[in-house]
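Okay, so here's the structure we're looking at.
Numbering (this note's numbering), first residue to last: 183 to 341.
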């Protein structure tokens, strides 16, 4: 069973339909959350009563690369979901921290140059400068995400 009814683009129901497809289909999702397939299918139907709980969406999001609802929530919050590649187990937190410091330094240097009165667009950021700043920030965000994942794993191990 696959959600086929049209859903409004960018809607919560469209995000749930995409999540169900990403996690292997309605039947697999129903098995994971312990509900009937028809109930799970209904979560993606804007005309059906009932809704999935946040906990159920979180469980389904853990199945493989199931990012649809994370992307939807980030968009609704005015942000962006940036999935991280699996960290290299050999990378130590100290190495990641040094990498983050270098990446931060480059990003901040480019930002300060861009907003300087001597910048390409004066004190404003030009499209070219903005592209460079984004190119600097994305690797930094990934590196910080890896450090956060290590810290979270350590915190959870201590529970």
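Positions of the beta carbon are idealized from the N, C-alpha and C atoms, including for glycine.
Between the Cα of residue i and those of the options, spot the shortest distance and give me the residue it belongs to.
{"i": "residue 326", "options": "195, 199, 315, 284", "result": "284"}
{"i": "residue 264", "options": "273, 247, 280, 277", "result": "247"}
{"i": "residue 202", "options": "290, 278, 249", "result": "249"}
{"i": "residue 266", "options": "295, 303, 324", "result": "324"}
{"i": "residue 239", "options": "194, 332, 341", "result": "194"}
{"i": "residue 192", "options": "254, 309, 286", "result": "254"}
DSSP three-state label for residue i, please.
{"i": "residue 273", "result": "coil"}
{"i": "residue 209", "result": "helix"}
{"i": "residue 305", "result": "strand"}
{"i": "residue 289", "result": "helix"}
{"i": "residue 243", "result": "helix"}
{"i": "residue 235", "result": "coil"}
{"i": "residue 295", "result": "helix"}
Measure the Cβ-Cβ separation of residue i and residue j and say whether it is below 8 angstroms.
{"i": "residue 241", "j": "residue 275", "result": "no"}
{"i": "residue 282", "j": "residue 318", "result": "no"}
{"i": "residue 190", "j": "residue 197", "result": "no"}
{"i": "residue 245", "j": "residue 206", "result": "yes"}
{"i": "residue 233", "j": "residue 225", "result": "yes"}
For the beta strand (DSSP E) containing residue i, name the first residue and the last one.
{"i": "residue 253", "result": "Run containing residue 253: none in the beta strand (DSSP E); it sits in the alpha helix (DSSP H), 250 to 258."}
By the DSSP assignment, the alpha helix (DSSP H) with residue i in it spans what residues?
{"i": "residue 327", "result": "309 to 339"}
{"i": "residue 220", "result": "219 to 225"}
{"i": "residue 200", "result": "194 to 204"}
Round the Cβ separation of residue i and residue j to the nearest angstrom and send it over; I've been treating them as touching at under 8 angstroms.
{"i": "residue 297", "j": "residue 305", "result": "6 angstroms"}
{"i": "residue 292", "j": "residue 315", "result": "5 angstroms"}
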